[in-house]
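Read top to bottom, the protein sequences are chains A and B. For the first sequence, the residue numbers in this note's numbering are 29 to 450. For the second sequence, the residue numbers in this note's numbering are 507 to 1039. Each remark here refers to the structure printed beneath this line.
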Amino acid sequence: MIRKKTDLLVIGAGLSGIMAAAAAARAGKKVMLVAGGEGVLGLTSGCIDLWGYRIDRKDEFCPGPREEIARLVKVSPGHPYAVAQDALEESIDFFLAICGEKGCSYRDNGGGNWILPTSLGTVRPTYLAPDGMAVNLTGFGRIVVVGFTELKDFFPGMLVANLTRNTDLTPGCELVSCMVSAGGKEMGPNTLAHRLEQPGVIQRVAAGIKKFVYPDTLILLPPVMGEDLHRDIMNTLSGELGCLAREVTGMPPALPGQRLHKALLGYIKDRGVEIVAGCTVKSAMVSNQHCRWVTASGAGSTMQILAGAFVLATGSFLGGGLQALPGKLRESIFDLPVETYGPEWSSADFLSTGGQPFSRFGIKVNNLLQPVDKKGYPLLENLLVAGSILAGCNYPVEKCGGGVALSTGYKAGRLAGGMTCE
Amino acid sequence: MRTERTQVVVIGGGATGTGIIRDLALRGIAGIMVEQGDLAHGTSSRFHGLLHSGARYAVKDMEAARECIKENRILRRIAPTCIEPIGGLFVQLPGDDPGYTGRWAEACAQAGINAEETEPDQVIKSNPVLSRNIIRAFRVPDCAVDGFRVLWGNAASARRHGAKIITYTGVTAIHQNSGSITRVDLTNRLTGQVTRVQCQAVINAAGAWAGAVASLAGIPVEVIKDKGTLVAFNHRIVNTVINRLRPPGDGDILVPHGAVAIFGTTSATVDDPGCSEPLQREVLELIRLGKELVPEMESRLLRAFSGVRPLYKRGGEARGRWVSRNFALLDHRELDGLAGFYSIVGGKFTTFRLMAEKTVDLVARQLGVNSLCRTAEDPLTIAVPEDLVSRGKRVFGVPGAKMAAQRLGESFSRVMEEVGRFPEKGRLICECELVSQAEIEQVASSEDVYNLGDIRRKTRMGMGTCQGTFCGLRTLGILGDHPRFTGDHHLQLKNFMQKRWKGIRPVLWGQQIREAQLSVAIYGALLGMERMK
């Protein structure tokens, strides 16, 4: 049995967990981060959604996500934003600073949302987009959607067929699809991204697109345009073609989320956070309403980690933070009560603007992000909960997953940074 | 409006209806078969996929048992590519009446079903998910059968012999004149096109819908609609069919099938013949029953599905399982004074061919046709030549080529040609069921494929772990040039995912809720499809 001791232990390597670790590390705390898996950032769009649609008219884009969130917390006090709205601005600034420092910069759209295209030809509202994705679709006379013959999950024809139906483009804007080859057999997104970084490849790709490019053209590409050399590749492509090129959101796994994950991990490593990967926290030792230590295991060894404070950022069902059996729900480590808001777990419609009830399942917390019982009393004083394991958020339809992760993660890190190890 | 003329119109594209149209065609009788949805969308694909040995019925219904073992042998001979001859076991667990075991073994012997006792230890060793408490076990010649393939085999064979098969078309009227059938009116459900078919005979093989069809001719046929819910496991958890050795009841059959295994069933009388929505309480009841057989039942469920068994009611207060599983052939000339109208009701998948034979015997006699039934001898499916499969292995790998060859039959050669011309079309679109782009394009170009669900039934695309989350979208993507799939991506995808969702909802726990959350995140958070226009 390996024993370790730290000021703060963060459990989970998703966006909220890393933000918590980053905030506490910046405050000078000794931080460890333990995670069973990679975290789900690599499966996400890589954009940061704050809030997408009007709360009273769910089919209408909200003009200002901040204002909409301010309204939301008044009408939905159970939403995670209600306990983390106070940290939202700071968390966004901090996030932008981290990304800037790690060369993975993001842009806002002057207070409103970006309306970005997806590989399906739909559009989705998001607040912060990586430089390589941020674009206003209006203002181009021609949009060329480029697919790679090697890639399975991106179909330019599908994007073209649906885009005009789903968003307003410049009147007369011409939509064209084309296929190019990076030279090779069928590849997954990561292999293709790597391939595009090889000398000369992006130039050959550009040559294949060139004939489709007129003045005023926007190039849309699958989210596979390089990993570490993403910025160079996009610059080369734009330079060769003399027009703007952007990645769109597509099926996972996708590179934008992975690049972000890498950048954020890089930041916390730089700040001295000790990362224990491939190690799942199985149980916790609790006394006197405090967590004393947790036991984690992985790769054949068991570890006991003592800490003054803990951040629970293990995600929902997908991340493994919540588990379900017929009629039974369980929080995986501390056996915290799971809020469900009613007897129905799912709704009959797979997709609707109301979303799936199970998306909202999770842990209820107070203003200090401590888990609470039914009456609102804290169950554990030095455990703070952040991210998608929190109850009350329906991120797939609200388009708020990024903002909730940033604000709750950051706030948990700040609060936990103020606690000391006994 | 179009008008056509034929000898016989067959209503219903399930096992019985396709069996009948094939039998008619092989006897040289002109026929049109009409089906309201896709072939095999109903009861004939919503069962265990068990080709009975007859042992299940031996005690209760000797006649049914004898029919089953006879048909079992015939189908193994004529349709080997549709059948996995994996054998079956009957296992007696604590609480099962030991006296029944004795009676059962005797009845099997009487029916001519070979039931050989085997060591419980051996059974557990080869099927480690089973309960350790097995007391006695017997081997029987049960098989797994692919209902889809049998139906397409019937349809393809019938078409080869001149029959016409129309899908997505409902019967809207049955006309008579002076006590004889004269015409049926058909309406295409996708286009609204109406066709009048003049005919001498109409065979109502509509299964759970038989009552509704008969009422179009003003005739009462009472069919008990018995809904059965089943669950599919994510893995092939056993290698042989497993039956409980006790009187037939709920939750007592487990059948491995390709990469999955299916367990069922429940039994409940319903009003709606199209009632195919499995409920969580039905699944939980199945799990409760199934745990006796497979203790870790709930851990690996992929989805649930329901079918409606049509049980014929012959007077009395017979309900659900206690109605005879034997079929009834109704000549409505004798019963109701309408010549040329017949209903075939009840029965079970295993005996579909026999049901078709008896029906066509009667109809042929009244049409004055003397030719004999050939369906017990003529091969139903044509096996793909070994050398072609071998070449396929180099493109699709060993399991991929075998599975594609079995699914496609004759069309496999066209898929191979296509891959020869365009090697990139050999790539897999559905990784779970090993379905290639070339196969999907081949199937999508056939005349009775209109939507992603039709492709799913014919290729198994979307039936694996992702339940269509990845391969559904991909299929739509590669069919970009295909006229039937270019129009409305939103509707195609939404309908497809919605149908998949119907089966996932009742088993939303364990790994399945994680898969579901990923799926909802992809289509919601990533693609914003809930607001797609």
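Heads up, the beta-carbon is just placed ideally off N, CA and C, and yes, glycines get one too. Bear in mind the structure is a predicted one, so any value in this text is a computation, not a measurement.
**OP:** Please name the residue in B:V708, B:T697, B:M969 whose C-alpha comes closest to that of R689 of chain B.
**Re:** The residue given as residue 689 of chain B occupies position 183 in the second sequence. The shortest CA-to-CA distance from R689 of chain B to any of B:V708, B:T697, B:M969 is the one to B:V708.
**OP:** Name, please, each residue of chain B whose Cβ falls closer than 7 Å to the Cβ of T368 of chain A.
**Re:** One-based indexing of the first sequence puts residue 368 of chain A at position 340. None at all; the shortest Cβ gap to chain B is about 13 Å.
Original post:
How long is the line joining the alpha carbons of N218 of chain A and C75 of chain A, rounded to whole angstroms?
Top reply: Residue numbering aside, residue 218 of chain A sits at position 190 when the first sequence is read from its first letter. Residue numbering aside, residue 75 of chain A sits at position 47 when the first sequence is read from its first letter. Cα-Cα distance, rounded: 18 Å.
Original post:
Can you tell me whether DSSP reads Y134 of chain A as helix, strand or coil?
Top reply: As a first step, residue 134 of chain A must be located in the first sequence, where it is residue number 106. It is a strand residue.
Original post:
In chain order, which continuous runs of the beta strand (DSSP E) of length 3 or greater are located wholly inside the segment 693-767 of chain B?
Top reply: 700-704, 707-710, 729-739, 747-750, 759-763
Subject >> Environment of E622 of chain B [buried if 16+ CB atoms lie within 10 Å] >> reply: Here residue 622 of chain B refers to the residue found at position 116 when the second sequence is read from its first residue. Classification of E622 of chain B: exposed, given that the 10 Å Cβ count is below 16.
**OP:** Quick one: using the 10 Å Cβ neighbour count with 16 as the cut-off for buried, is I517 of chain B buried or exposed?
**Re:** As a working mapping, residue 517 of chain B is identified with position 11 in the second sequence. When all chains shown are included, I517 of chain B counts as buried.
Original post:
Closer than 7 Å, Cβ to any Cβ of chain A: which residues of the segment 1020-1035 of chain B, in chain order?
Top reply: Considering only beta carbons, the part of the segment 1020-1035 of chain B lying closer than 7 Å to chain A consists of R1020, Q1023, L1024, V1026, A1027, I1028, Y1029, G1030, A1031, L1032, L1033, G1034, M1035, in chain order.
**OP:** Check whether the segment 375-384 of chain A touches the segment 995-1007 of chain B, counting contact only when three or more Cβ pairs, one atom from each stretch, lie closer than 8 Å.
**Re:** yes
**OP:** Just the C-alpha distance for T34 of chain A and S435 of chain A, rounded to the nearest angstrom, thanks.
**Re:** Taking the first residue of the first sequence as 1, we reach residue 34 of chain A at position 6. Taking the first residue of the first sequence as 1, we reach residue 435 of chain A at position 407. Taking the straight line joining both Cα atoms gives about 23 Å.
Original post:
If you count every other CB in all the chains shown that lies within 10 Å of the CB of V1013 of chain B, and 16 or more means buried, which is it?
Top reply: Start at 1 with the first residue of the second sequence, and residue 1013 of chain B comes out as number 507. Under this definition V1013 of chain B is a buried residue.
Subject >> Backbone CA spacing between D818 of chain B and I888 of chain B [nearest angstrom] >> reply: Within the second sequence, numbered from 1, the residue matching residue 818 of chain B stands at position 312. Within the second sequence, numbered from 1, the residue matching residue 888 of chain B stands at position 382. Reading the sequence as shown, one finds Tyr at residue 818 of chain B and not Asp. The alpha-carbon atoms of Y818 of chain B and I888 of chain B are separated by roughly 34 Å.
Subject >> With 16 other Cβ atoms within 10 Å as the buried cut-off, status of M313 of chain A >> reply: Within the first sequence, numbered from 1, the residue matching residue 313 of chain A stands at position 285. Under this definition M313 of chain A is an exposed residue.
Original post:
How many angstroms separate the CA atom of I1019 of chain B from the CA atom of I743 of chain B?
Top reply: Position 513 of the second sequence holds residue 1019 of chain B. Position 237 of the second sequence holds residue 743 of chain B. Going from the Cα of I1019 of chain B to the Cα of I743 of chain B covers about 20 Å.
**OP:** Would you give the residue range spanned by the alpha helix (DSSP H) that K899 of chain B belongs to?
**Re:** Looking up residue 899 of chain B in the second sequence gives position 393. Where K899 of chain B is concerned, the enclosing alpha helix (DSSP H) stretches over 892-902.
**OP:** Say whether the segment 619-633 of chain B touches the segment 522-536 of chain B, bearing in mind that this needs 3 or more beta-carbon pairs closer than 8 Å, one atom from each stretch.
**Re:** no
Subject >> Residue span of the alpha helix (DSSP H) that contains Q948 of chain B, given as start and end >> reply: What you label residue 948 of chain B is simply residue 442 of the second sequence in a count that begins at 1. That run of the alpha helix (DSSP H) goes 943-950.
Original post:
For R1011 of chain B, is the classification buried or exposed, using 16 other Cβ atoms within 10 angstroms of its Cβ as the cut-off for buried?
Top reply: For the purposes of this step, residue 1011 of chain B is identified with residue 505 of the second sequence, where counting begins at 1. Buried.
**OP:** Can you tell me which of the three DSSP states T264 of chain A falls into?
**Re:** Within the first sequence, numbered from 1, the residue matching residue 264 of chain A stands at position 236. DSSP places T264 of chain A in helix when its eight states are reduced to three.
Subject >> Three-state secondary structure assigned by DSSP to F811 of chain B >> reply: The residue given as residue 811 of chain B occupies position 305 in the second sequence. Three-state DSSP puts F811 of chain B in a strand.
Original post:
With 8 Å set as the bound, which would you pick, yes or no: does the beta-carbon of E804 of chain B sit closer than that to a beta-carbon of chain A?
Top reply: Counting from 1 along the second sequence, the entry for residue 804 of chain B is found at position 298. Answer yes: the Cβ-Cβ gap between E804 of chain B and chain A drops below 8 Å somewhere.
**OP:** Please confirm whether V413 of chain A and L397 of chain A have their CB atoms less than 8 Å apart.
**Re:** Counting from one through the first sequence, the residue named residue 413 of chain A turns up at place 385. Counting from one through the first sequence, the residue named residue 397 of chain A turns up at place 369. Contact: yes.
Original post:
Roughly how far, in whole angstroms, is the beta-carbon of T245 of chain A from the beta-carbon of C271 of chain A, given that I think they are within contact range, below 8 Å?
Top reply: Taking the first sequence and counting its residues from 1, the one referred to as residue 245 of chain A is at position 217. Taking the first sequence and counting its residues from 1, the one referred to as residue 271 of chain A is at position 243. That pair is a contact at about 4 Å.
Subject >> Run of the beta strand (DSSP E) containing S919 of chain B, from where it starts to where it stops >> reply: Within the second sequence, the letter at position 413 stands for residue 919 of chain B. That residue, S919 of chain B, is in no beta strand (DSSP E); its alpha helix (DSSP H) goes 918-927.
Original post:
Should H741 of chain B be labelled buried (16 or more other beta-carbon atoms within 10 Å of its own) or exposed?
Top reply: Numbered from 1 along the second sequence, position 235 holds the residue referred to as residue 741 of chain B. So H741 of chain B counts as exposed.
Original post:
If you draw a straight line from the alpha carbon of L751 of chain B to that of S375 of chain A, how long is it in whole angstroms?
Top reply: Mapped onto the second sequence, residue 751 of chain B falls at position 245. Mapped onto the first sequence, residue 375 of chain A falls at position 347. One C-alpha to the other measures close to 39 Å.
**OP:** Return the CA-CA distance between G390 of chain A and V597 of chain B, expressed in angstroms with no decimal places.
**Re:** As a first step, residue 390 of chain A must be located in the first sequence, where it is residue number 362. As a first step, residue 597 of chain B must be located in the second sequence, where it is residue number 91. Rounded to the nearest angstrom, the two C-alpha atoms are 43 Å apart.
**OP:** Check the Cβ-Cβ distances between T701 of chain B and every residue of chain A, and say whether any is below 8 Å.
**Re:** Along the second sequence, one-based indexing puts residue 701 of chain B at 195. Chain A contact via Cβ: absent.
Subject >> Own chain, CB closer than 7 Å to V68 of chain A, minus 5 neighbours either side, in chain order >> reply: Here residue 68 of chain A is taken as the residue at index 40 of the first sequence, counted from 1. The answer, listed in chain order, is G42, G343, L346, G347.
Original post:
Between which two residues does the alpha helix (DSSP H) carrying H289 of chain A extend?
Top reply: Numbered from its first residue, the first sequence carries residue 289 of chain A at position 261. Start and end: 283-298.
Subject >> Chain-ordered chain B contacts of Y423 of chain A [CB-CB under 9 Å] >> reply: Within the first sequence, numbered from 1, the residue matching residue 423 of chain A stands at position 395. Here the neighbours are A1027, G1030, A1031.
Subject >> Contact the segment 275-285 of chain A vs the segment 112-120 of chain A: 3+ CB pairs below 8 Å >> reply: no
Subject >> Residues that H995 of chain B contacts on chain A, provided the C-beta gap is smaller than 8 Å >> reply: Here residue 995 of chain B refers to the residue found at position 489 when the second sequence is read from its first residue. Residues of chain A passing the Cβ test: L148, G149, M186, A189, N190.
Original post:
Can you tell me where the alpha helix (DSSP H) with T1042 of chain B in it begins and where it stops?
Top reply: Nothing can be reported for residue 1042 of chain B: it is not among the residues displayed for chain B, which extend from 507 to 1039.
Subject >> Where E791 of chain B falls: helix, strand or coil (DSSP) >> reply: Taking the second sequence and counting its residues from 1, one reaches residue 791 of chain B at position 285. It is helical.
Subject >> D627 of chain B - containing alpha helix (DSSP H), residue span >> reply: On the second sequence, residue 627 of chain B is found 121 positions in, with the first residue counted as 1. Residues 626-632.
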